[in-house]
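What follows is a set of notes on a single structure, which appears directly below.
Protein chains: 2
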Amino acid sequence: MPQPRFQRRKEQRPAEITQAALEAFAEHGYAATRVDDVAKRAGVSKGLLYLYFKTKEELFKAVIRSVVVPRIDALKTDIADTELSAEEFLRGPFLEFIKKLPDSPARIVVRLMIAEGPKHPDLTAYYCDKVISGGLAALRQLISRGVRQGEFRQSSLDEFPQLLVAPALLSIVWRTLFQKHYPLDTDKLLETHIELILRAIKVEQGDARGGAM
Amino acid sequence: MPQPRFQRRKEQRPAEITQAALEAFAEHGYAATRVDDVAKRAGVSKGLLYLYFKTKEELFKAVIRSVVVPRIDALKTDIADTELSAEEFLRGPFLEFIKKLPDSPARIVVRLMIAEGPKHPDLTAYYCDKVISGGLAALRQLISRGVRQGEFRQSSLDEFPQLLVAPALLSIVWRTLFQKHYPLDTDKLLETHIELILRAIKVEQGDARGGAM
DNA sequence: ATACTTACTGACCCAGCAGTCATTAAGATA
DNA sequence: TATCTTAATGACTGCTGGGTCAGTAAGTAT
């Protein structure tokens with residue numbers, strides 16, 4: 007009794023296809039990936055793919071959205087709900103969060119957004135709104151809390167929360183381009199960064215804990 | 007009397023073509039740019055372009071090289087030759103240097119490298135060697151000098167000079183993607199960053215810990 | 001069973017583009 | 001001026017790959 011040549015699985019198809027597309031885009035980038043290749047990876051015909059996604063561009067947007075939404079929501083609720091002090095949060099959950107980025111699908115999304123973003127203004131606006139504004143607002147809130155509670159001195163950091171994540175972006179880019187030519191311990195880099203920032207913004211106590219880092 | 011239909015200008019052509027290509031790539035990215043469009047921008051026929059560059063990929067590599075080489079050399083000699091103290095150098099020439107990046111062709115090169123780098127290992131190796139290693143070594147040297155002369159305390163920063171330029175990378179990316187949705191004063195961001203880093207690594211006054219560890 | 005709906009297939013179409021080459025004319029040489 | 005070299009042209013080609021659609025068969029209702 008032969009296997010049926012295919013199964014009808016209307017529900018799962020879109021997710022399977024975006025997952026396959028993510029992998030293909032990760033390897034070749036958007037422009038150089040053939041729709042046919044995505045379909046093959048998903049174990050599906052090209053025709054079916056076009057049944058779920060009107061164009062290659064629509065597929066691209068769906069891929070970005072599928073990765074982006076869950077992650078940023080996690081960080082936002084983390085910051086809102088935590089019991090930790092601002093410093094503890096930065097050293098703990100926040101550091102863990104940015105450490106994971108360079109090996110997560112976020113890496114692929116960042117590369118895709120940088121490469122293709124300018125050609126897709128609506129997608130960029132969406133990304134800006136969902137990821138950037140939301141994420142930065144959450145960080146700003148965290149820093150303000152630190153200032154309010156006397157942990158941190160007043161500084162320009164709450165005007166530029168981007169500075170907290172800049173090294174994460176660098177780590178992501180490094181991983182995609184240089185890691186094998188020029189290895190970099192991104193975990194340690196990110197730890198060092200948090201350490202430096204905290205040293206710069208913490209209110210000085212009389213403690214003069216000036217040890218090397 | 008009509009203008010001659012074209013002029014023979016063997017010397018200038020390559021530079022004109024790479025310049026045109028840079029502009030075209032900046033607008034559409036590498037893959038989506040047609041060679042014909044580059045030729046038109048350069049005021050030249052496609053055939054001529056192929057006389058100077060064997061393939062589109064060769065043209066791409068030439069573009070990257072044409073932008074990258076002069077800039078990084080400038081920074082390296084600056085650091086080697088300066089009379090300034092390390093702190094003065096960071097606040098002065100270095101800050102100026104990274105402030106210029108987000109509006110310079112470097113922005114385009116960064117985008118192109120992130121998008122296409124993984125597909126061109128030899129180019130990435132070249133870039134890594136010329137730009138990254140060189141630039142980072144120069145920065146490491148600057149920091150070490152600061153430590154040696156008692157300006158800076160020993161820190162992990164000289165292990166990760168990347169942290170000095172991470173916000174510049176972020177500024178570049180921000181400019182290419184979000185600037186019009188979500189304006190950012192990158193100059194001020196970079197100033198803030200230098201300020202924070204210096205506060206973190208400067209030996210505190212009255213603190214006599216020198217170079218020895 | 002039988003009829004019916006629709007998820008799914010894959011051969012096909014054709015626009016668009018990298019790369020070629022026979023031809024043209026700018027400018028050097030004498 | 002006549003001759004030669006080669007920078008420069010642009011029409012042409014072959015192929016790649018996005019997108020289509022007539023047909024097929026999996027599942028469902030009766």
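Chains as they are written, first to last, in this note's numbering: chain A, 7 to 219; chain B, 7 to 219. Backbone N, C-alpha and C fix where the C-beta goes; we use that ideal spot for every residue, glycine too.
Taking just the CA atoms, how far does residue j sit from residue i?
i, j, result
"LEU58 (chain B)", "LEU65 (chain B)", "The sequence shown places Tyr at residue 58 (chain B), not Leu. Between TYR58 (chain B) and LEU65 (chain B), the C-alpha separation is close to 9 Å."
"LEU55 (chain B)", "ASP43 (chain B)", "11 Å"
"GLY297 (chain A)", "ASP109 (chain A)", "The requested residue 297 (chain A) is not part of the displayed model; chain A covers only 7 to 219."
"GLY216 (chain B)", "ALA206 (chain B)", "In this prediction, GLY216 (chain B) has a pLDDT of 38, which is less than 50 and means its spatial position is unreliable; nothing more can be read from the coordinates."
"GLU197 (chain B)", "HIS199 (chain A)", "17 Å"
"GLU201 (chain A)", "ASP164 (chain A)", "17 Å"
"LYS46 (chain B)", "LEU118 (chain A)", "28 Å"
"GLU22 (chain A)", "GLN25 (chain B)", "43 Å"
"HIS126 (chain A)", "HIS187 (chain B)", "13 Å"
"ARG181 (chain A)", "PHE12 (chain B)", "47 Å"
"ALA32 (chain B)", "LEU96 (chain B)", "30 Å"
"THR88 (chain A)", "PRO99 (chain A)", "9 Å"
"SER139 (chain B)", "TYR133 (chain B)", "9 Å"
"LYS67 (chain A)", "PRO10 (chain B)", "49 Å"
"THR83 (chain A)", "PRO20 (chain B)", "54 Å"
"ARG113 (chain A)", "LYS60 (chain B)", "33 Å"
"GLN18 (chain B)", "ARG71 (chain B)", "17 Å"
"GLU94 (chain A)", "GLU94 (chain B)", "33 Å"
Apart from the five residues on each side of it in sequence, which residues of its chain come closer than 8 Å, Cβ to Cβ, to residue i?
i, result
"ILE75 (chain B)", "The sequence given here places Val at residue 75 (chain B); Ile does not occur at that position. If we look at VAL75 (chain B) and ignore the five residues flanking it on each side, its Cβ neighbours are LYS136."
"VAL209 (chain A)", "GLY156, GLU157, PHE158 and ARG159"
"ALA92 (chain A)", "LEU148, ILE149, ARG151, GLY152, GLN155, GLU157 and PHE158"
"PHE184 (chain A)", "LEU190"
"ASP193 (chain A)", "LYS105"
"LYS52 (chain A)", "VAL41, ASP42 and ALA45"
"LEU101 (chain A)", "LEU196, GLU197 and ILE200"
Which residues in chain A have a C-beta closer than 8 Å to the C-beta of residue i? List them in chain order.
i, result
"ALA38 (chain B)", "ALA37 and LYS125"
"LEU195 (chain B)", "PHE166, GLN168 and LEU169"
"ALA131 (chain B)", "HIS187"
"ARG47 (chain B)", "Simply none; closest approach about 18 Å."
Please list the partners that residue i has in chain A, where partner means a Cβ-to-Cβ separation under 7 Å.
i, result
"LEU176 (chain B)", "GLN168, ALA172 and LEU175"
"ARG205 (chain B)", "ALA206"
"LEU81 (chain B)", "Here the premise fails: no neighbours, minimum Cβ distance about 17 Å."
"LEU101 (chain B)", "Here the premise fails: no neighbours, minimum Cβ distance about 14 Å."
"ARG77 (chain B)", "Near ARG77 (chain B) there are no residues of chain A at all, since even the closest Cβ is about 18 Å away, more than 7 Å."
Using 7 Å as the threshold, is the C-beta distance between residue i and residue j below it?
i, j, result
"ARG123 (chain B)", "ILE78 (chain B)", "First, the residue type needs correcting, since residue 123 (chain B) is Gly and not Arg in the sequence shown. Taking 7 Å as the Cβ cut-off, GLY123 (chain B) and ILE78 (chain B) do not qualify as a contacting pair."
"THR39 (chain A)", "ALA30 (chain A)", "yes"
"PRO173 (chain A)", "ALA121 (chain B)", "no"
"LEU176 (chain A)", "LEU175 (chain B)", "yes"
"VAL73 (chain B)", "PRO111 (chain B)", "yes"
"VAL41 (chain A)", "LYS62 (chain A)", "yes"
"LEU81 (chain A)", "PHE103 (chain A)", "yes"
"ILE203 (chain B)", "VAL116 (chain B)", "no"
"ALA131 (chain B)", "ALA37 (chain A)", "no"
Tell me residue i's beta-bridge partners as DSSP assigns them.
i, result
"PHE158 (chain A)", "A:LYS208"
By the criterion of Cβ-Cβ separation under 9 Å, what are the contact partners of residue i in chain A?
i, result
"VAL44 (chain B)", "Near VAL44 (chain B) there are no residues of chain A at all, since even the closest Cβ is about 16 Å away, more than 9 Å."
"THR198 (chain B)", "SER161, SER162, LEU163, GLU165, PHE166 and LEU169"
"ARG151 (chain B)", "By Cβ distance, chain A contributes nothing, its closest Cβ being about 18 Å from ARG151 (chain B), past 9 Å."
"ARG71 (chain B)", "What ARG71 (chain B) touches in chain A: nothing, since even the nearest Cβ is about 16 Å away."
In chain B, which residues lie with their C-beta within 7 Å of the C-beta of residue i?
i, result
"ILE138 (chain A)", "PHE184 and TYR188"
"ARG19 (chain A)", "Residues of chain B passing the Cβ test: none, with the nearest at roughly 28 Å."
"LEU96 (chain A)", "The premise fails here: LEU96 (chain A) is roughly 14 Å from chain B at the closest Cβ pair, so nothing lies under 7 Å."
"ARG113 (chain A)", "Near ARG113 (chain A) there are no residues of chain B at all, since even the closest Cβ is about 11 Å away, more than 7 Å."
Looking only at its own chain, which residues have a Cβ that is under 7 Å from the Cβ of residue i, when we skip the five neighbours before and after it?
i, result
"LEU145 (chain B)", "PRO167 and LEU170"
"PRO27 (chain A)", "In the sequence under discussion, the amino acid at residue 27 (chain A) is Ala, which differs from the Pro named in the question. Cβ neighbours of ALA27 (chain A) beyond the five flanking positions: VAL44, LEU65 and VAL69."
"ARG14 (chain B)", "none"
So with CB distances below 8 Å, who are the chain B contacts of residue i?
i, result
"VAL179 (chain A)", "ILE120 and LEU175"
"ARG146 (chain A)", "Result: empty, since nearest Cβ-Cβ is about 13 Å, beyond 8 Å."
Which residues in the same chain as residue i place their Cβ atom closer than 6 Å to its Cβ, once the five residues preceding and following it in sequence are excluded?
i, result
"ILE85 (chain A)", "ALA144 and LEU148"
"LYS2 (chain A)", "Residue 2 (chain A) is absent from the model: chain A starts at 7 and stops at 219."
"SER161 (chain B)", "ILE207"
Report whether the distance from the Cβ of residue i to the nearest heavy atom of the ligand NAD is below 6 Å.
i, result
"ARG14 (chain A)", "Questions concerning the ligand NAD fall outside what the structure shown contains, since it holds no ligand whatsoever."
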